[in-house]
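**Student:** So the protein sequences, as listed, match chains A and B. Quick note on numbering: the numbering used here labels position 75 of the first sequence as 75, and the sequence is numbered without any gaps. Quick note on numbering: the numbering used here labels position 301 of the second sequence as 301, and the sequence is numbered without any gaps.
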Amino acid sequence: MDDKPKTQPRKAGKILLEELTGGPPEASRSGRLRRVLLVPVLAVVTGLLLGGLFIVLTSEEVYAAFGQGLFNGLGTSFLVAGRAYAALFTGAIGDPARIVTALQSGDALAIRRAFNPILESLVASTPYIFGGLGVALGFQSGLFNIGAEGQIFVGAILAAFVGYSVTGVPAILHLPLALLAGAFGGALWGFIPGWLKAKTGGHEVINTIMMNYVAFRLSDWLLSGPMKRPETFNPVSPTIEPTAMLPRFFEQPIRFHLGFFVALGVAWLVYWFLYRTTWGFALRSVGSNPSAARYAGMSTVRSTILAMSLSGALAGLAGTNEVLGVNHNLAMAFSSGYGFDSIALALLGKSHPVGVVLAALLFGTLRNGATRMQVAAGIPIDIISILQAMILAFIAAPAIIRTIYRLRQPDKGEQIFTGTWGGG
Amino acid sequence: MVGTTTPKQADKAKLAQMMVGRQVLLEVEKPEEKPGDPVLQVEHLVVTSDRRQLAVDDVSFEVRAGEILGVAGVQGNGQTELVEAVTGMRAARGGRIKLLGRDITHASPRRVTELGTAHVPEDRQRDGLVLSFTVADNLVLSTYYQAPFAKGPELQRESILASAQERIREFDIRTPSALTSAGSLSGGNQQKVIVAREFSRPIHLLVASQPTRGLDVGSIEYIHGRIVQKREEGCAVLLVSPELDEIMELSDRIAVMYRGRIVGLLDADEASKEEVGLLMAGVTPEPGAKPRKKRKVEVTL
Chain A
1 MDDKPKTQPR KAGKILLEEL TGGPPEASRS GRLRRVLLVP VLAVVTGLLL GGLFIVLTSE
61 EVYAAFGQGL FNGLGTSFLV AGRAYAALFT GAIGDPARIV TALQSGDALA IRRAFNPILE
121 SLVASTPYIF GGLGVALGFQ SGLFNIGAEG QIFVGAILAA FVGYSVTGVP AILHLPLALL
181 AGAFGGALWG FIPGWLKAKT GGHEVINTIM MNYVAFRLSD WLLSGPMKRP ETFNPVSPTI
241 EPTAMLPRFF EQPIRFHLGF FVALGVAWLV YWFLYRTTWG FALRSVGSNP SAARYAGMST
301 VRSTILAMSL SGALAGLAGT NEVLGVNHNL AMAFSSGYGF DSIALALLGK SHPVGVVLAA
361 LLFGTLRNGA TRMQVAAGIP IDIISILQAM ILAFIAAPAI IRTIYRLRQP DKGEQIFTGT
421 WGGG
Chain B
1 MVGTTTPKQA DKAKLAQMMV GRQVLLEVEK PEEKPGDPVL QVEHLVVTSD RRQLAVDDVS
61 FEVRAGEILG VAGVQGNGQT ELVEAVTGMR AARGGRIKLL GRDITHASPR RVTELGTAHV
121 PEDRQRDGLV LSFTVADNLV LSTYYQAPFA KGPELQRESI LASAQERIRE FDIRTPSALT
181 SAGSLSGGNQ QKVIVAREFS RPIHLLVASQ PTRGLDVGSI EYIHGRIVQK REEGCAVLLV
241 SPELDEIMEL SDRIAVMYRG RIVGLLDADE ASKEEVGLLM AGVTPEPGAK PRKKRKVEVT
301 L
């Protein structure tokens, strides 16, 4: 009874923490913050350490060094892993020395190039934010949306279609129209399995997987015929009108565009919706305990359909973002598994919009840095997938992290999101 | 250790006193009933169970304002389905349910709640609470969309919190704060959260299913007191419990359910425990009223 709110910002922060922890408040704010961040941060650190081991194990240089003696081998191991991660860092954030030199020279192009890595990381993070929010909204409603990848494709198809077929419309109308079309496409692809679940009990996991295949083949067919660019044999759609493009902030080669800020705005909207509105309250109630929600007069049917549609709309925006902001056309297999990675990062972010944005930034940064790591250090880009997989494994099974680092076992009230899949 | 005693010396009241640390009223003080107009009227109700078997078979009764009707019976004789039908959780296959004269046979749970029904479900953790939510959120689980808890679509956090502080004080819920998750409270305090939520709305009908299942004597005393208080306020109470003692103690009239039928409707003052117990076991005094075989109902959707 000592938590009587005194000032607005303090209370808001407190409630935010409460939602993130999902458990009883502890004495100090730092104690609670620590508890929220501890497992995800340790999971990332452990993942990076084990990733280093994989880098070492796949390096021929290391094996050669071990042939010359144990200490020689160990030294080279650290050198190889360090070099790889240094390349990852400079690829993702930028080379500090280069930034300083560029700023001193005052050359605009040099400055842009020096800052490009970090801006490129943000570009890579943007679809992850949208996709992660979509999957997280599903989790919060007790639904496991595996169909984000399919929803990304359908969103991209509609956005691209509106992007190139509507002409002679000012950007102020064309861009929102294209964004809405993309969101609608994803929403449609989420609505169908949501409706099936609510009305027939057909499990959303099975149905979203099936909807994925339909979406992949649909886009393949469209790109080989109806939506194919006429002047080429490649399965690529026509380039969208400039009025439908998400504006870029800098000149070439920087691709950083408005989509990133749209994503942050949408993240805020999702937060507001889930935690500040009656609809979100009902959605989260149904997600946490469908039976009690029904007893309290909430409609599980409406909640399921609404949650899957919104989840799909958010995933659809991920595809839309890639079409309108980066590629400016629809190409076959343009999404390299954003939808599936989104499941991982929704878990990493504990299905909270703030957590999802942070996790998306991490995933985008890793993926962007990995490209540089491949070029500079000769480490295959797939190592990042292994890294992400291990981080996800540690997040999904926090007991491993708690055992390794001898942490206290969680309290009864702590939420385990993976425990509510399928609304069980 | 507050004391030891031997089974021979101890009686219920003494043990209860030792457990709680003060005198416990095992018998609730209950003023004379002054029943008013009928609040809940159930006519020829037929309900099927999840397995599509006949669970409630042509049941009729009414509960008047200011009266507690206890439904006794061994668990699984249709009480759960009866309560679910009355609260809108389960569709009736036949018959009618009326609340204050209005037909609610096919009303949704929300509509039944809005018409002034409170429901204490039999499984508090499964049906009564969202354990991962805070106490404050659980206290508005059925009214979160109404003023002053919401303005348009937006939740009013401050009024939810303020109302929660009030309920916590009023119903003596032992919790570190209103923002503690309901799952970390004791069973008795979890039940108090439900009681606080359901009892603090303006209600005409209270449906309480096993309201004291698995609780300690102190909490049982408290909840029984609250139920009788609602009766005093003129609320109609439908109490369902397999605990014969609870039924005998609180009810004004007792309906005994056996295999989906009401096999006896007794005045609590005249009924004896033995009589109710025999009825619960299916032994009916009238000749010819033998327990019937379960009928399977063909359901066409």
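Where is the CB? At the ideal position from N, CA and C, for every residue including glycine.
1) Using the beta-carbon of each residue, which ones in chain A are nearer than 7 Å to residue 154 (chain B)?
2) Do the segment 295-309 of chain A and the segment 163-176 of chain A touch if we need at least three Cβ pairs shorter than 8 Å?
3) Taking the continuous alpha helix (DSSP H) assigned at residue 258 (chain B), which residues delimit it?
4) Exposed or buried, what is residue 44 (chain B) when buried is set at 16 or more other beta-carbons lying within 10 Å of its beta-carbon?
5) Are the C-beta atoms of residue 4 (chain B) and some chain A residue less than 8 Å apart?
6) Between the beta-carbon of residue 339 (chain A) and the beta-carbon of residue 156 (chain A), is there less than 8 Å?
7) Among A:393, A:293, A:333 and A:85, which one has its Cα closest to the Cα of residue 125 (chain B)?
8) Do three or more CB pairs link the segment 111-122 of chain B to the segment 87-102 of chain B at distances below 8 Å?
9) Three-state secondary structure (DSSP) at residue 90 (chain A)?
10) Say whether chain A places a C-beta atom closer than 8 Å to the C-beta of residue 113 (chain B).
11) Sorted by chain position, which residues of the same chain lie with C-beta nearer than 8 Å to residue 223 (chain B)'s C-beta, five sequence neighbours on each side aside?
12) Run the CB neighbour count on residue 41 (chain A), radius 10 Å, all protein chains shown included, and call it buried at 16 or more, exposed below.
13) Applying a beta-carbon distance threshold of less than 9 Å, which residues of chain B neighbour residue 285 (chain A)?
14) Looking at the strands, I want to know which residues DSSP matches up with residue 61 (chain B).
15) Below 7 Å CB to CB, which residues in the same chain sit around residue 210 (chain A) once its five sequence neighbours on both sides are set aside?
16) Where do the ends of the beta strand (DSSP E) carrying residue 94 (chain B) lie?
17) Taking all protein chains shown into account, decide if residue 135 (chain B) is buried (16 or more other Cβ within 10 angstroms of its Cβ) or exposed.
18) With 9 Å as the limit, tell me which residues of the segment 89-111 of chain B have their beta carbon closer than that to any beta carbon of chain A; keep them in chain order.
19) Does any residue of chain A bring its CB to less than 8 Å from the CB of residue 119 (chain B)?
20) Residues in the same chain with beta-carbon distance under 6 Å from residue 25 (chain A), minus the five sequence neighbours each way, listed in chain order, please.
21) Leaving out the 5 sequence neighbours to the left and right, which residues in its chain are closer than 7 Å to residue 161 (chain B) when beta-carbon positions are compared?
22) Quick one: which chain A residues come within Cβ less than 7 Å of residue 127 (chain B)?
23) List the residues that DSSP assigns as beta-bridge partners of residue 47 (chain B).
24) Can you tell which of A:400, A:335, A:115 and A:346 has the C-alpha that lies nearest to the C-alpha of residue 139 (chain A)?
25) Name the two residues that bound the continuous beta strand (DSSP E) containing residue 117 (chain B).
26) Does residue 150 (chain B) get closer than 8 Å to chain A when you measure Cβ to Cβ?
27) For residue 151 (chain B), does the three-state DSSP call read helix, strand or coil?
28) Name the two residues that bound the continuous alpha helix (DSSP H) containing residue 303 (chain A).
29) So, using beta-carbon positions, are residue 226 (chain B) and residue 143 (chain B) closer together than 8 Å?
30) Find the residues of chain B that neighbour residue 191 (chain A), judging by a C-beta separation of less than 7 Å, and give them in chain order.
31) Expressed to the nearest angstrom, what Euclidean distance is found between the alpha-carbon atoms of residue 198 (chain B) and residue 321 (chain A)?
**Tutor:** Based on what the coordinates show:
1) 276 and 277
2) no
3) No alpha helix (DSSP H) holds residue 258 (chain B); the beta strand (DSSP E) holding it covers 253-258.
4) exposed
5) no
6) no
7) A:293
8) yes
9) helix
10) yes
11) 191, 192, 195, 211, 212 and 215
12) exposed
13) 130, 133, 137, 141 and 144
14) B:42
15) none
16) 94-99
17) buried
18) 89, 108, 109, 110 and 111
19) yes
20) Here residue 25 (chain A) scores only 45 on pLDDT, less than 50, and its place in the model is too uncertain to base an answer on.
21) 136 and 178
22) 291, 292 and 295
23) B:56
24) A:346
25) 117-120
26) yes
27) strand
28) 300-321
29) no
30) In chain order: nothing, as chain B lies at least about 21 Å away.
31) 47 Å
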